[in-house]
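Heads up: the sequence shown begins at 241 in my numbering, then just goes up one per residue. Ideal Cβ positions, reconstructed from N, Cα and C, are used throughout, including at glycine. The structure displayed is predicted, hence computed values, not measured ones.
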Amino acid sequence: MYYYPGMWDWQSHIVLPLVRKAFMRTMAAAAPSPQRTADVDLGTDLLERYFEWAPSVDDFGPLKIETDVESLVPDIREPDRGLLAGDGRRVLYTERIPLLAVDAADENWVVVHQVVPEWRDIESLLLDEAAVAACWAWEQTYLGMSVAGTIHNEILRSPPEILGQVPTATRTGRQGRGGYSQNEPSGGGRSIPQLQRPERLVSRATPDDRVEQETAGVLRRTRIRRSRAEIETTRRQIGAELLEMLDPGLALYPTPSPEQCPQCIFLAPCLTMLEGGDPTLELAARFRQGPAGPTYEPRLGAGGGGGRTVAMPAPPPAS
């Protein structure tokens, strides 16, 4: 809600209370527990820190929030075709993109929010396949609209002992939450896809500016320009992985590790398989079919569903 385009020009004293209420409404949906209490305390603290520091680094205008996009997974065996399941259904890659923003040069960026215990290393951000895939999926959903790259918006769970003084000025000079106003050429809230102004092309970064990183208090922004080759490689990698997953002869086997096994709820049937036994009875005794996935209420500026998934539409009804 903080970046909802329709409220981007509203004054902070109106928007921030609405953001707080939206957070509390989300937390109220969870069952009461000590963990929920801890999450409320942590989330409230993170929100207030974000309100203080974000205006000093926001240099974009929001175009769309919580947007569901989808793309037909490619069949790497035949580049001009999409991948089909064994029964002929299309295989779709779906993703919910937290924020699509535009900068002063009319370039579009996928913004990913991440709450982290410590700053991620630059290599892991460069290799963030999900973020690159989001660029590809957006371009396939909004044809003709190119994405320049990804902005990784990291928020520290535990702030350092010395944060420094909270900035009083915004990055762009705009009052309130900073960024670019909807009334300005690079502001938020415009139609999708947007037009790019020829005079802004000269202000775009050169290939030498691929990675830009900035830290402000509990926030760190890493802007990574993604090349066409990088997006295409990710597209083909997704196609290769899905092709293997759909192979009826795919062999599944346990992959134990000290990091995963102690907390894994399937430890008992896994041990049964390791000993050469049949885990069917173990699974039937200890587990049951889970409920259907949660539904999401539609809201302004957002779609339903959520998360990074692969979907196969239901087959057409028999004639």
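Asked                                                                                                                                                                          : Found
Can you have a look at ALA525 and say buried or exposed, based on whether 16 or more other CB atoms are within 10 angstroms of its CB?                                         : exposed
Which residues in the same chain have their Cβ closer than 6 Å to the Cβ of VAL197, if we skip the five residues on either side of it in sequence?                             : Because residue 197 is not part of the residues shown, which for the chain are 241 to 559, the question remains open.
According to DSSP, is GLY384 part of a helix, a strand, or is it coil?                                                                                                         : coil
In this structure, what does DSSP give as the bridge partners for VAL342?                                                                                                      : GLY301 and ASN348
Answer yes if the segment 461 to 471 comes into contact with the segment 363 to 379, meaning at least three C-beta pairs across the two stretches below 8 Å, and no otherwise. : yes
Along the beta strand (DSSP E) that carries VAL451, what are the first and last residues, could you check?                                                                     : 451 to 456
Under 8 Å Cβ to Cβ from ALA480, same chain only, skipping five residues before and after it: list those, please.                                                               : ILE316
Hey, quick one: how far does the beta strand (DSSP E) through GLU288 stretch, first residue to last?                                                                           : Here GLU288 belongs to no beta strand (DSSP E); instead the alpha helix (DSSP H) covers 274 to 293.
ASP279 to PRO519, Cα distance in whole Å?                                                                                                                                      : 36 Å
Based on the DSSP output, what are the partners of LEU507 in its beta bridges?                                                                                                 : None, per the DSSP bridge assignment.
Does any residue of chain B have a CB that is nearer than 8 Å to the CB of ALA524?                                                                                             : No chain B appears in this structure, which consists of one protein chain only.
Do VAL451 and ILE362 have their C-beta atoms within less than 8 Å of each other?                                                                                               : yes
Since ARG526 is in the alpha helix (DSSP H), which residue starts that stretch and which ends it?                                                                              : 520 to 526
The beta strand (DSSP E) that contains ILE464, what's its start and end?                                                                                                       : 459 to 465
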